[in-house]
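Undergrad: Starting off with a structure, shown below.
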Amino acid sequence: SDQIEFFEVGYKAGSITAIHRLLETFSKPGTPNYNPGRSADLFVDLLGRIEPVDLPHTLARVASAAPAISSDVYARVDVEALYLTSAEDGSPEAMLELGKLIRARAVSADELAEATDWIGKSAKLGDVDAMVAYADALAFGIGAEASREQALVWLTKAAEAGNEEAAAFAGSEHPEARG
3 SDQIEFFEVG YKAGSITAIH RLLETFSKPG TPNYNPGRSA DLFVDLLGRI
53 EPVDLPHTLA RVASAAPAIS SDVYARVDVE ALYLTSAEDG SPEAMLELGK
103 LIRARAVSAD ELAEATDWIG KSAKLGDVDA MVAYADALAF GIGAEASREQ
153 ALVWLTKAAE AGNEEAAAFA GSEHPEARG
């Protein structure tokens, strides 16, 4: 179509907006223009061009894309390195995601401590999901010394920021009984 051709011209000229429009065109399964290979190429290119602050949102888009697209992208980019770039740039969302990735692959106490440190940094910057994750880590002593008191502090902060799960647990007597 003329519209696709217009965005292709913009893409060749370096337009990030054009990449987003082409992704809308090619990444929806069941539509006439669905093209998982082209979508993956566009996502990989986009991840290489955008500012660190935009990486978490774009990686979330990749994660929610069709498996044929996301698995192709994941085979070609280092997601943890992208989150690290964004986390070092100050993104609380990236800090939380980086901490979760490191925790998932951790095989040592040092790696667990690194994961919890990133999650804690995110919590301290106001990320509510990170506050809950940090409270969990503190309640169970995952990558940090177990502290029921500090776990309650972070659950309370998350509750005050509107997290209903945290509100329910912050009011309970035993936060370590969660889950």
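This note's numbering puts the sequence shown at residues 3 to 181.
Yeah, the Cβ is synthetic: ideal placement off N, Cα and C, and Gly gets one too.
With DSSP collapsed to three states, give me the class of I121.
TA: One-based indexing of the sequence shown puts residue 121 at position 119. It is helical.
Undergrad: Report the three-state DSSP secondary structure of S66 (helix, strand or coil).
TA: Sequence index remark: in the sequence shown, residue 66 carries index 64 (1-based). S66 falls in the helix class under three-state DSSP.
Undergrad: Roughly how many angstroms separate the alpha carbons of L86 and A96, rounded to a whole number?
TA: Reading the sequence shown from its first residue, position 84 is the one you call residue 86. Reading the sequence shown from its first residue, position 94 is the one you call residue 96. Using only the alpha carbons, I get a separation of about 7 Å.
Undergrad: I need the straight-line Cα distance from P31 to G39, nearest angstrom please.
TA: Within the sequence shown, residue 31 is the residue found at index 29, counting from 1. Within the sequence shown, residue 39 is the residue found at index 37, counting from 1. Cα-Cα distance, rounded: 12 Å.
Undergrad: Measuring straight from C-alpha to C-alpha, what distance separates I104 and A115?
TA: Counting from 1 along the sequence shown, the entry for residue 104 is found at position 102. Counting from 1 along the sequence shown, the entry for residue 115 is found at position 113. Cα-Cα distance, rounded: 10 Å.
Undergrad: Where does R180 fall in DSSP's three states?
TA: Stepping through the sequence shown from its first residue, residue 180 is reached at position 178. In this predicted model, R180 has a pLDDT of only 44, less than 50, meaning its place in the structure is not dependable; the value taken from the coordinates is given anyway. Looking at R180 - three-state DSSP - the assignment turns out to be coil, as it is neither helix nor strand.
Undergrad: Which of the three DSSP states, helix, strand or coil, is assigned to G50?
TA: On the sequence shown, residue 50 is found 48 positions in, with the first residue counted as 1. Three-state result, G50: helix.
Undergrad: Excluding sequence positions up to five away, which residues of its chain have a Cβ less than 8 Å from the Cβ of T60?
TA: Translated into positions along the sequence shown, residue 60 becomes position 58. Answer for T60: F45, L48, L49, I52, listed in chain order.
Undergrad: Quick one: grab the DSSP three-state call for L127.
TA: One-based indexing of the sequence shown puts residue 127 at position 125. Looking at L127 - three-state DSSP - the assignment turns out to be coil, as it is neither helix nor strand.
Undergrad: If you draw a straight line from the C-alpha of S149 to the C-alpha of T158, how long is it?
TA: Here residue 149 is taken as the residue at index 147 of the sequence shown, counted from 1. Here residue 158 is taken as the residue at index 156 of the sequence shown, counted from 1. Going from the Cα of S149 to the Cα of T158 covers about 14 Å.
Undergrad: Go through the stretch 85-118 residue by residue and report every complete run of the alpha helix (DSSP H) that reaches 4 residues or more, in order.
TA: Qualifying alpha helix (DSSP H) stretches, in chain order: 94-107.
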